[in-house]
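Q: Please read through the structure below; I'll follow up with questions.
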Amino acid sequence: MRGWGAVEAAELKRRLLGLLREDEEFRYAVAGLLGLDTILLELKALREDFNEYIKLEEKRWGENEKRWKENEKRWEEAYKRFERVEEELKALREESVRLRSDFNKLYEQVSRRLDSFERRLIALGARWGVESEEAFREAMKGILERILGTARVERWTYFDSEGEVFGRPAQVEADLLVRDGVHILVEVKASASEADVAKLWRVGRLYEKVTGVKPKLVIVSPFVDERAIKLARELGVEICTET
């Protein structure tokens, strides 16, 4: 039986080879079957590669989506911080406007009181005849206190070791009024000269250096030299006088 089977296999092989040589249609059919198997194998490999590509793309999309969400969260946090900063800036602007308004009101009040003081000074100078510089200055202290209400006139003294006021080390004195945070250095003179204006300006500069507060400078006098008035305008010193 085994020999018979081998004979049949050999015969089948011989016939197939003969058909491949002699029968063109059969030959093409066999070639087509062999090519189909190759195509099917290639398609299978291509599908596997495609599935792997899809998995990688899904992984990338997942990572990108995660990054997008993180970026979106960062943008939301940044926007919230921006809103807080904007609100703080708005509050600061409103506070600045309020402080400026309060300062303007205070300045107007001080100016009105100084105007009132000027009128009283003129009347007082005419009545007393301005007998002495010291008596005149002491009298003015009481009037200043009454005009400015809660403000009290004090004597500010400081030893100027560097000689900024007089050009040599010396004791420096000036009348000081403090009201609602405004510091006013007042020089009360029976008559004021250019030198008096320059001296008060130097005292104000020393006061700012010592205390860290820039004072308002005021000279009160019924008689002020024209050159003193000009210098006062240049240095920002306010003059209260009948002229």
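Going by the working numbering, the sequence shown wraps up at 249, each residue one higher than the last.
C-beta atoms are modelled at their ideal positions from N, C-alpha and C, and glycine is treated no differently.
Put K205 into one of helix, strand or coil per three-state DSSP.
A: By one-based count along the sequence shown, residue 205 stands at place 199. Reduced to three states, the DSSP call for K205 is helix.
Q: Can you tell me which residues form a DSSP beta bridge with Q115?
A: Looking up residue 115 in the sequence shown gives position 109. DSSP lists no partner for Q115.
Q: In its own chain, which residues sit with a C-beta less than 6 Å from the C-beta of E193, not counting the 5 before and 5 after it?
A: Position 187 of the sequence shown, counting from 1, holds the residue named residue 193. Hits under 6 Å: L206, I225.
Q: Judging by CA-CA distance, which residue of V209, E48, E170 is the nearest neighbour of V243?
A: Taking the first residue of the sequence shown as position 1, residue 243 is located at position 237. It is V209.
Q: Mark P221 as exposed unless 16 or more other C-beta atoms lie within 10 angstroms of its C-beta, in which case mark it buried.
A: If you number the sequence shown from 1, residue 221 lands on position 215. Buried is the call here.
Q: By Cβ distance below 6 Å, which residues in the same chain neighbour W252 in space, the five residues on each side in sequence not counted?
A: Limits of the chain in this structure are 7 at one end and 249 at the other, which puts residue 252 out of reach.
Q: Looking at the structure shown, is K222 part of a helix, part of a strand, or coil, going by DSSP?
A: Residue mapping note: residue 222 aligns to position 216 of the sequence shown, counting from 1. Note: K222 maps to strand in three-state DSSP.
Q: Tell me whether the beta-carbon of A234 lies closer than 7 Å to the beta-carbon of S197.
A: Taking the first residue of the sequence shown as 1, we reach residue 234 at position 228. Taking the first residue of the sequence shown as 1, we reach residue 197 at position 191. Cβ atoms of A234 and S197: not closer than 7 Å.
Q: DSSP three-state call for D55: helix, strand or coil?
A: In the sequence shown, counting from the first residue as 1, residue 55 sits at position 49. In the three-state scheme derived from DSSP, where H, G and I count as helix and E and B as strand, D55 is classed as helix.
Q: For a test of the three-state rule: what should DSSP assign to V91, helix, strand or coil?
A: Position 85 of the sequence shown holds residue 91. It is helical.
Q: Please classify K195 as buried or exposed, where buried requires at least 16 other C-beta atoms within 10 Å of its C-beta.
A: Along the sequence shown, one-based indexing puts residue 195 at 189. It counts as buried.
Q: Straight-line CA distance for L62 to L52?
A: Along the sequence shown, one-based indexing puts residue 62 at 56. Along the sequence shown, one-based indexing puts residue 52 at 46. Cα-Cα distance, rounded: 15 Å.
Q: Among all the DSSP beta bridges, which residues are the ones paired with F165?
A: Walking along the sequence shown from the start, residue 165 turns up at place 159. Bridge partners of F165: Q177.
Q: In three-state terms, what does DSSP make of A198?
A: As a position in the sequence shown, residue 198 is number 192, starting the count at 1. A198 carries a strand assignment under DSSP once its states are collapsed to helix, strand and coil.
Q: Let me know the secondary structure DSSP gives E170 once reduced to three states.
A: Position 164 of the sequence shown, counted from the first residue, corresponds to residue 170. E170 falls in the coil class under three-state DSSP.
Q: Give the straight-line distance between the Cα atoms of L241 and E83, rounded to the nearest whole angstrom.
A: Residue mapping note: residue 241 aligns to position 235 of the sequence shown, counting from 1. Residue mapping note: residue 83 aligns to position 77 of the sequence shown, counting from 1. Approximately 52 Å between the Cα atoms of the pair.
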